[in-house]
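Data first, discussion second: the structure below is written as structure tokens.
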Amino acid sequence: MHGLVPKPCPARLAGFTLIEVLIAIAIVAILAAIALPSYQAQIRKGHRAAAQSYMMDLAQREGQYLLDARAYASTEAALGAATPSDVASYYTIGIAVPAVSPPAFAITATAIGAQVADGNLSIDNQGTKTPPDKW
Numbered sequence: 072m073h074g075l076v077p078k079p080c081p082a083r084l085a086g087f088t089l090i091e092v093l094i095a096i097a098i099v100a101i102l103a104a105i106a107l108p109s110y111q112a113q114i115r116k117g118h119r120a121a122a123q124s125y126m127m128d129l130a131q132r133e134g135q136y137l138l139d140a141r142a143y144a145s146t147e148a149a150l151g152a153a154t155p156s157d158v159a160s161y162y163t164i165g166i167a168v169p170a171v172s173p174p175a176f177a178i179t180a181t182a183i184g185a186q187v188a189d190g191n192l193s194i195d196n197q198g199t200k201t202p203p204d205k206w
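With positions in the sequence shown counted from 1, the corresponding number in my numbering is that position plus 71.
What follows is the structure, encoded as structure tokens:
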């Protein structure tokens, strides 16, 4: 009966225990729970900034249109503009030109889809931007 000499068992095999893996998963889950809302807020801010930039461009075009035509334009097409796709995906742009004297306009960006949580934006011919905390 030779060859039946028992070999000593190692005290611990290489690898991770179930507890160690669960702790690592829990830490990753906590970090993701903290980071995801912050990331989504930054994405909304980026979409808002794109809309604000486009609205400022439209306001500038309205000023030039007023000098040329003595009235404000009521459509983007009249201003020679079209809503960029990165803005159109998250906002609907509207231009209101009330029949008042002196002439006036209001450009409104109405949030759609995932951007609704951020709210709407507007700017008028006097440069008033609402809501002020979003500009």
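Built from N, CA and C at the ideal position, the CB exists for glycine as well.
Check whether residue i and residue j have beta carbons under 8 Å apart
| i | j | result |
| --- | --- | --- |
| I166 | T154 | no |
| L129 | A152 | yes |
| V168 | S145 | yes |
| Y136 | N196 | no |
| A122 | L192 | yes |
| P202 | G190 | yes |
Closest Cα partner of residue i within the set the options
| i | options | result |
| --- | --- | --- |
| I194 | P108, A152, A103 and Q131 | Q131 |
| A140 | P174, A85 and A104 | P174 |
| A177 | W206, Q135, I94 and K200 | K200 |
| I183 | W206, P202 and A159 | A159 |
| V187 | S124, Q111, G198 and A85 | Q111 |
| S124 | G86, L75 and D157 | D157 |
Integer Cβ distance of residue i from residue j, believed to fall under 8 Å
| i | j | result |
| --- | --- | --- |
| Y161 | A185 | 7 Å |
| M126 | A180 | 6 Å |
| R119 | K205 | 6 Å |
| E133 | L150 | 7 Å |
Span of the beta strand (DSSP E) around residue i
| i | result |
| --- | --- |
| G165 | Y162 to A167 |
| L192 | L192 to D195 |
| A170 | That residue, A170, is in no beta strand (DSSP E); it is neither H nor E in DSSP. |
| T179 | A177 to A182 |
Chain D within 8 Å of residue i, Cβ atoms only
| i | result |
| --- | --- |
| A170 | Protein chain content of the structure displayed is limited to a single chain, and chain D is not contained in it. |
Uninterrupted alpha helix (DSSP H) stretches inside the stretch 99-167 (no shorter than 4 residues): 156-159
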